[in-house]
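Numbering (my numbering), first residue to last: 39 to 339.
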Amino acid sequence: SREALSAYAMQPSLSRDGREIKLMANIEFLEELDLADRIGIDGVGLYRSEFLFLNCKEIPDEEMQYRCYASIVRRLRGKPVTMRLLDIGGDKACMYRQATSRDYSGSNPVLGLRGIRLLLRSPRLLTTQLRAMLRAGEEGPLHILVPMVTCCEEMIEVRKLAEQLHHDMNLHQPLSIGAIIEVPAAALVADALAEISDFFSIGTNDLVQYTLAADRSDEEVASLYQPSHPAIKQLIYQTAVAAKKAGIPLSVCGELAASPEWTSTFLNLDMHALSMSLNNILPIRRHLSKQDYKPAIPPAF
Ligand code: PEP
Ligand code: MG
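The structure is reproduced here in structure tokens:
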């Protein structure tokens, strides 16, 4: 018989043999954290900042962004939050004008100017958001996550800017900035990316889409959108080995983090955290408690 999920509320997240994986929440709004108080979470593993922007008529200024980010950090009372920089998908065309003062309509928005690509072309937007996040980081542990990274140059550029701002602002808390691994190219150069990232988080929603060339929102190819394709496991494995070699923490923040079929794989690949929507946390905590740790990465690394 399956134990009641409620038995797993407010408990640590441990495998049967006592190995911990942090279970964190993916959130878009502060209010979602009310539920977290009844479940018990180890932090927020993915805050999708675009929702603040989508709810505003104008691009929110630094002060407004700061207030929003700081309220989330304070609400977590010392638990960490990973905040993702703006990832405007191509479908939010109206935002390009606001952000960059020009129109944009790529022929294929999913492969177009989104995530860090757009931010690096809009220095004011990027600088404002980095400053607001860095300031919020003085209130508690905050990690900055860079979306849609495909090459080291992008990470080097955003990191350089973040370091410069961090230095100029005379902050007390250290800078932590990492890459989301959600494009196959990023997984394939994970070794090099790990050298310039403080952490990795694997975004499986886009990683599956781009690896299998199957649009995640197109029902006609839904049957081809198969996380069980061996290419996905190969890319995740490669990323895990690279993170381990460089000694940086690795998490998963896409939907696969909440898939019980993947829990033991993630446990065995030494994932630091799995981040998912709040309603999946108790089922995964229960499932994890039935697994035993069998290291999948040879110690030679
Ligand atoms: C992902 O791509 O897996 C991810 C976590 O981000 P989003 O779903 O917001 O693209
Ligand atoms: Mg994504």
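The C-beta atom is built at its ideal place from N, Cα and C for all residues, glycine as well.
- Relative to the ligand PEP, T242 has its C-beta within less than 7 Å of a heavy atom.
- Looking only at G153, H210 and L156, the smallest Cα-Cα distance to P179 is reached by H210.
- A Cβ-Cβ contact shorter than 8 Å links R122 with P185.
- I286 sits away from A200, with the two beta carbons spaced by 8 Å or more.
- Annotation for E88 indicates a beta carbon at 7 Å or more from all heavy atoms of the ligand MG.
- With respect to I154, E191 sits apart: the two C-beta atoms are not nearer than 8 Å.
- Here L305 is near R57, since their CB atoms are less than 8 Å apart.
- Listed in chain order, the beta strand (DSSP E) elements of length 3 or more contained wholly in the segment 42–80 are 60–65.
- For the beta strand (DSSP E) assignment, the uninterrupted runs of no fewer than 3 residues enclosed by the segment 215–270 are, from N- to C-terminal side, 215–219 and 238–240.
- Apart from the 5 residues on each side of it in sequence, P333 sits with its Cβ closer than 8 Å to the Cβ of N306 and D308 in its chain, given in chain order.
- For the pair of segments examined, the segment 237–256 was found to touch the segment 268–288: the number of CB pairs separated by less than 8 Å reaches three.
- A direct Cα-to-Cα measurement between L114 and H181 gives close to 13 Å.
- Residue pairing by DSSP places M314 opposite A63 in a beta bridge.
- Sequence-distant partners of G116 (beyond 5 residues in either direction) whose C-beta falls short of 8 Å from its own C-beta, in its chain, are G178 and P179.
- By the criterion of at least three beta-carbon pairs nearer than 8 Å, the segment 136–143 is not in contact with the segment 247–261.
- E192 has its Cβ no nearer than 7 Å to any heavy atom of the ligand MG.
- If you draw a straight line from the Cα of L164 to the Cα of E88, it is about 13 Å long.
- I194 sits exposed, since fewer than 16 C-beta atoms from the chains shown fall within 10 Å of its C-beta.
- The criterion of a C-beta distance shorter than 8 Å is satisfied by S51 and L61.
- Out of D206, M133, V279 and L92, the CA that lies nearest to the CA of A338 is found in V279.
- Scanning the segment 269–336 from its first residue to its last, the whole beta strand (DSSP E) runs of 3-plus residues come out as 288–290 and 311–314.
- Per DSSP, L213 is not a residue of any alpha helix (DSSP H), being assigned neither H nor E.
- For R115, the three-state secondary structure derived from DSSP is coil.
- At least one heavy atom of the ligand PEP lies closer than 7 Å to the C-beta of G292.
- Here A224 is near V187, since their CB atoms are less than 8 Å apart.
- Per DSSP, I97 lies in no beta strand (DSSP E) and is assigned neither H nor E.
- Counting only the Cα atoms, S214 lies some 15 Å from V82.
- Under the 10 Å beta carbon count, F91 is surrounded by 16 or more other beta carbons and is classified as buried.
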